[in-house]
Structure formats: C-alpha cells, structure tokens
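Numbering (my numbering), first residue to last: 5 to 363.
By construction, the Cβ of each residue, glycine as well, lies at the ideal position given by its N, Cα and C atoms.
Shown next, in structure tokens, is the structure this report addresses.
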Amino acid sequence: MTVAHPEAGVFGRSHELSARAHEQVVFCEDDRSGLKAIIAIHSTALGPALGGTRFYPYADESAALQDVLRLSWGMTYKAAAAGVDLGGGKAVIIGDPATMKSEELLAAYARFVDTLGGRYITAGDVGTTTDDLDIIGRHTRYVTGRSVAAGGSGDSARLTALGVFQAMRAGAESVWGAPTLAGRTVGVEGVGKVGRELTALLLADGAEVCVTDVNEAALRRIASEHPEVRLLSTVSTAPVDVYAPCALGATLTASTAATIEAKLVCGAANNQLATPDVEQALTERGITWVPDFVANSGGLIQVAGELRAAPPAEVEAEVTDIFPRCREIIAAAKADGIATGAAANRFAERRLDAIPRSL
C-alpha cells in the first residue's frame, strides 16, 4: 500500500491503514479551500478504479479512512460481479456539504483526481450532486455522472434503484416463489435520491411501502409524492416482509439481526453488514440477504456505459440483468449450503482470479 501526494501528508496525524491490499491511498489537503479528502484505489486489475465521491461530516479522519477503504474494496467486487471492465476506488471529502461545499473546494479536489492520470475515475455519491460533478469536470476529465447538458449520463439514482428493485425481485422469488413484491410490505430506510426512486418502483409493482429517514425534508417530499406511503420512526425492526436499507451502511448489526422481522433484506446502501458475522445470524433465522455490492450496482453499470458511450436502452437492459445475476447467486448459496455473501464473493472472484498476477 502506498500513501501518495507529497503535499498532502496525513492531515498531521499517523493513521493505521487497513491490512487490505489497496494499491494506493491518497490524502488530499488544500488549505485555501478547506479541502480534506482521501482517495483510495483498491484495485486496477480489471481497469481504472471507479467510485463515487462521498462528502460527509465524519466524526474524525480515522472514521473517514476506514469508510473509504471499505467502500473502495466493495467497488472492486461490485465491478467484478457486474461484469464491467473497471476496478475499485472511492473518495471521501471530510466535512458538512451544507456548510463547506464550494466551487473552489470542488476544483481543488478535482485537481487531486487529475494528478492520478486516470487510475481513478470519480462519480457521485452521498453529499455530491450532478452539479458538483459538472464543476469537477471542468478541472479533470476523469469524472462520470455529469449532467446530460455537460456531456454525461445524468444522475445514477434511477438506475441504481432499478437494479435494487431487480435484486429484490430475485430475493422475493427465492423466499416466496414469485419474482414480485405485489402484496408485500417493504420498509425503505432512507428516501434520498435512490430510496425515493425505489419507493416509486415498489408502489408500481403493488407493494405496500413504509419509510423512514433522519431528514425531515425527505420524508415530507415522499409523503407529498406518495400519500399512501406510511412514515415510521424505524423500519429495520418493523413488521415488514422486506427491509431495504438505502441510507448509510452498517445498519445490519448483531442487534438488528436478532430482532428483524423481515424475511428478505435488500437495499441500496453500501457495506450493510456492520460485522461479517451478522450475515450468519440472519441466515440462522431464515432471513435472506441480497449482497449489497450486487444489488446496488446499477449506478456503476450506468457510468460504465457512459464511459463507452453506450445507448441508454442498452445500459438499462444491462441493469435489468441484475435480476438473473442475483437469482444465480442465491441459488448457488442454497445449493452449496453457504451464505449469499460468500456466494457473491465467489461470483466476483472468478473474474478477479482470472487476471494474471503480473497485472
């Protein structure tokens, strides 16, 4: 593992980096704009590392580092499982986007991305918008997810939600025998960009939907758009058939695994398992978990299509293919008596293991 960019340092602190074999970790600091960011490149074995930029008020720099290392590792597996020729990377900007975000800060961040010469390609994530990506795109060409007006494919929320919906259909088929959510109650945790789109898809499929979000404005918006949706203080332990975590990660803890009532867990959040043993606890209770890095790969598939200038209809068809992919993974887990997470890892590793070590 390397820590790159001599001007950045490590924000004046020593960090104990994860033992995971990341290729490169870049600490970015710009005093003038207030930028503090970390770019993590986990693997470029399948192609340039692609992953979004998360702008978030982390408790401290160690928390930001842990998050970006986990997220970039997950992007490697997401790309491998999705069948795209991209590697895994991620970036985090430390701070509250509501108060810290500025064009100067985004431009400074873009220049750090540009110094990597295409080894890392950025995109949107929590706290970043297409407008932000348009600004970044004025200072580096290594960015995807820009607005259509700026030559990009637009926000990836719709196709990310479509992919999660297809994954949920595969899970429903395994649990209840039919690939539909009609008549099922789905609890959506987080109704931001993706959760909002997923809610609309679920309602159109005939599901009953209840939602929760820490953002009151997001709840008011979803209630205005879909008055039939029920607003709850929590959905992870509510009497629902499906629990859909669509906010930040690590909501599947030992505690929720012991109390969750849903028979299916499938959502858009990254790194949903707080600890690896949580999935085993879910399995022992007869709860099916659709691995997050497969379910939420629709956005990655969209930006991969943008990079190769694929027609929108072709990209949407590729996102729809998340359904048979999840069906195969769930079936393999059942046949081999292993957890779905292990089956998904094995699915991704078939591609990664085929790459010559010299690469």
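Rounded C-alpha distance that separates residue i from residue j
| i | j | result |
| --- | --- | --- |
| residue 104 | residue 228 | 30 Å |
| residue 348 | residue 282 | 16 Å |
| residue 322 | residue 32 | 35 Å |
| residue 217 | residue 25 | 35 Å |
| residue 27 | residue 357 | 17 Å |
| residue 186 | residue 144 | 45 Å |
| residue 165 | residue 249 | 12 Å |
| residue 364 | residue 261 | This structure cannot speak to residue 364, because the chain is shown only from 5 to 363. |
| residue 331 | residue 238 | 29 Å |
| residue 234 | residue 243 | 13 Å |
| residue 114 | residue 147 | 9 Å |
| residue 354 | residue 138 | 36 Å |
| residue 107 | residue 152 | 20 Å |
| residue 30 | residue 44 | 6 Å |
| residue 168 | residue 131 | 20 Å |
| residue 68 | residue 62 | 6 Å |
| residue 149 | residue 271 | 21 Å |
| residue 230 | residue 189 | 15 Å |
| residue 232 | residue 191 | 13 Å |
| residue 74 | residue 279 | 12 Å |
| residue 320 | residue 306 | 8 Å |
| residue 302 | residue 160 | 8 Å |
Endpoints, alpha helix (DSSP H) assigned at residue i
| i | result |
| --- | --- |
| residue 200 | 197-208 |
| residue 193 | Not the alpha helix (DSSP H): residue 193 falls in the beta strand (DSSP E), residues 189-193. |
| residue 71 | 65-86 |
| residue 288 | 281-288 |
| residue 353 | 344-357 |
| residue 259 | 258-263 |
Local conformation of residue i per DSSP, three classes
| i | result |
| --- | --- |
| residue 217 | coil |
| residue 60 | strand |
| residue 232 | coil |
| residue 102 | helix |
| residue 295 | coil |
| residue 146 | coil |
| residue 40 | strand |
| residue 325 | coil |
| residue 268 | strand |
| residue 239 | coil |
| residue 141 | helix |
| residue 93 | strand |
| residue 222 | helix |
Delimiting residues of the beta strand (DSSP E) encompassing residue i
| i | result |
| --- | --- |
| residue 306 | Here residue 306 belongs to no beta strand (DSSP E); instead the alpha helix (DSSP H) covers 302-311. |
| residue 156 | Looking at the DSSP string, residue 156 is not in any beta strand (DSSP E), and its letter there is neither H nor E. |
| residue 248 | 246-249 |
| residue 28 | 28-34 |
Nearest-angstrom Cβ-Cβ length linking residue i and residue j, presumed shorter than 8 Å
| i | j | result |
| --- | --- | --- |
| residue 273 | residue 252 | 6 Å |
| residue 223 | residue 195 | 7 Å |
| residue 293 | residue 344 | 6 Å |
| residue 91 | residue 52 | 6 Å |
| residue 82 | residue 297 | 4 Å |
| residue 95 | residue 41 | 6 Å |
| residue 78 | residue 54 | Rounded, the Cβ-Cβ distance is 12 Å, inconsistent with contact. |
| residue 129 | residue 58 | 4 Å |
| Start-end ranges of the beta strand (DSSP E) lying completely within the region 101-137, minimum 3 residues | 124-127
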